[in-house]
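K.L.:
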Amino acid sequence: MTASDNAELLNFSPLMKRFTFNAFMVSGFTPITPGSKLDWFIHRPSGMKGYMLNLTLKGRGVIHHADGQFYCSEDEMLLFPPGVIHHYGRAKESPAWDHLWIYFIPRPGWSDWLRWDRYQGQIGRTALDATASRQMALLFKEVIRWNAAAEPLAEALAMNTLERLILQTFQLQPASNRQNRDPRIQTVCHYINEHLAEETRVEQLARMAFISTSRLAHLFRKEMGTTLSAWREQQRVSRACDLLQQTQLSIAQVARAVGYEDPLYFSRIFSQHRTLSPREYRKKFDQAPLF
Ligand code: FCB
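Written as structure tokens, this is what we have:
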């Protein structure tokens, strides 16, 4: 990236310029040098309401999380999921920490692609090679530009570019990448996800995949590392999290939308997965800063 590219990008950064942004996406470029205006530590004890992607272009950042800290350096991408505690800034000894970032509320279909292979303190980490890093940086910059533009369709184009960025990063996650999965299991997973509110029987799923129920059980465990019912439960809880964060639906309505008729039972399952009740979970997000 050339110096003039950087200077141009700063004009679009919400850190340097006031402009109205929509709460579904905020993005920018943060170049940090010792003692400069941006050289301070960010504290987010409740995490954020949405997700955030971060790409280091230069220098090192230090990221403090719930159980420790790590350093991120050039060509590394980070993914901060909602509600994940983090405090970060330039690493003390580093002469710079320049990074691009995008804060966003994902579209419903994106959550499958926002699971990476490697996490530390619940923060996703992906090291890129130089070529991939250049490509990603271009996509980040395109998102930032559309995100700040006022022309028609700018917001849709920003989301479209962000979707591409998320997909391309997901391609770099061999273990999480759905493409590696057996197509029969993909079909079943897709169906379950689209019909979370229903109690689809295993026999019906097996018929859909043209295999026996015992073969399905075996194949599912092999591909997904867990049983079909445990996986469906995880999906239900994760969809419930989205609904609790992004809608005003009551707990009982959320429960029903993800397939639980009994809200008390739903709350018990939810708490087992998230260590908070649905009500506490929603409250935590109401209190979390936007970004
Ligand atoms: C800026 C940070 C950037 C990102 C946004 C939301 O202040 O420099 O990394 O966290 O806030």
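So for the sequence shown, the working numbering puts the first residue at 897; every next one is plus one. Cβ atoms here follow ideal geometry from the backbone N, Cα and C, with glycine treated the same way. Just so you know, these numbers come straight off a predicted model, no measurement behind them.
(1) Is it buried or exposed for Ala-992, if we count other Cβ within 10 angstroms and need 16 for buried?
(2) Can you give me the start and stop residues for the beta strand (DSSP E) that Glu-1119 sits inside?
(3) Considering only their Cβ atoms, is the gap separating Ser-1007 from Asp-971 smaller than 7 Å?
(4) May I ask you to verify whether the segment 958-972 touches the segment 1011-1021, counting CB pairs closer than 8 Å and requiring at least 3?
(5) Please return the same chain residues whose Cβ sits closer than 8 Å to the Cβ of Thr-1057, not counting the five positions on each side in sequence.
(6) Taking 6 Å as the line, does the beta carbon of Tyr-999 fall inside it for any heavy atom of ligand 1?
(7) Just to confirm, are Ile-1165 and Arg-1128 a CB contact at a threshold of 7 Å?
(8) When burial is assigned at 16 or more other CB atoms within 10 Å of the CB, is Arg-1135 buried or exposed?
(9) Run through DSSP, which three-state label would Asn-894 get?
(10) Report yes if the CB atom of Gly-943 is closer than 7 Å to the CB atom of Ile-981, and no otherwise.
(11) Can you find the residues in the same chain that come closer than 8 Å, C-beta to C-beta, to Ile-1107, ignoring five residues on each side of it along the sequence?
(12) Residue ranges of each alpha helix (DSSP H) run of no fewer than 4 residues wholly in the segment 1147-1177, ordered along the chain?
(13) Could you compute how far the alpha carbon of Leu-1101 sits from the alpha carbon of Gly-985?
(14) Rounded to the nearest angstrom, what separates Phe-966 and Arg-1077 at their Cα positions?
(15) Can you list the alpha helix (DSSP H) stretches of 4 or more residues lying completely in the segment 1047-1078, in chain order?
(16) Is Thr-952 near ligand 1, judged by its Cβ being under 6 Å from some heavy atom?
P.N.:
According to the structure shown:
(1) Counting C-beta atoms within 10 angstroms of its own C-beta, Ala-992 has 16 or more neighbours from the protein chains shown and is therefore classed as buried.
(2) Taken as a continuous stretch (DSSP letters only), Glu-1119 belongs to no beta strand (DSSP E), being part of the alpha helix (DSSP H) at 1109-1120.
(3) Not in contact: Asp-971 and Ser-1007 (Cβ atoms no closer than 7 Å).
(4) Per the Cβ contact rule, the segment 958-972 is in contact with the segment 1011-1021 (3 or more Cβ pairs under 8 Å).
(5) These residues qualify, in order along the chain: Leu-1035, Glu-1038, Val-1039 and Trp-1042.
(6) The closest heavy atom of ligand 1 lies less than 6 Å from the beta carbon of Tyr-999.
(7) Here Ile-1165 is not near Arg-1128, since their CB atoms are 7 Å or more apart.
(8) It is buried - the Cβ of Arg-1135 has at least 16 other Cβ atoms within 10 Å.
(9) Since the first and last residues shown for the chain are 897 and 1187, residue 894 lies out of range.
(10) Cβ distance < 7 Å, so Gly-943 and Ile-981 count as in contact.
(11) Cβ neighbours of Ile-1107 within its own chain (closer than 8 Å, five residues either side excluded): Arg-1080 and Leu-1115.
(12) 1147-1153 and 1159-1170, all fully within the segment 1147-1177.
(13) Put simply, the backbone Cα of Leu-1101 is about 48 Å away from that of Gly-985.
(14) The C-alpha of Phe-966 lies about 31 Å from the C-alpha of Arg-1077.
(15) Note on the segment 1047-1078: whole alpha helix (DSSP H) runs with a minimum of 4 residues are 1050-1067, in chain order.
(16) The nearest non-hydrogen atom of ligand 1 is 6 Å or more from the C-beta of Thr-952.
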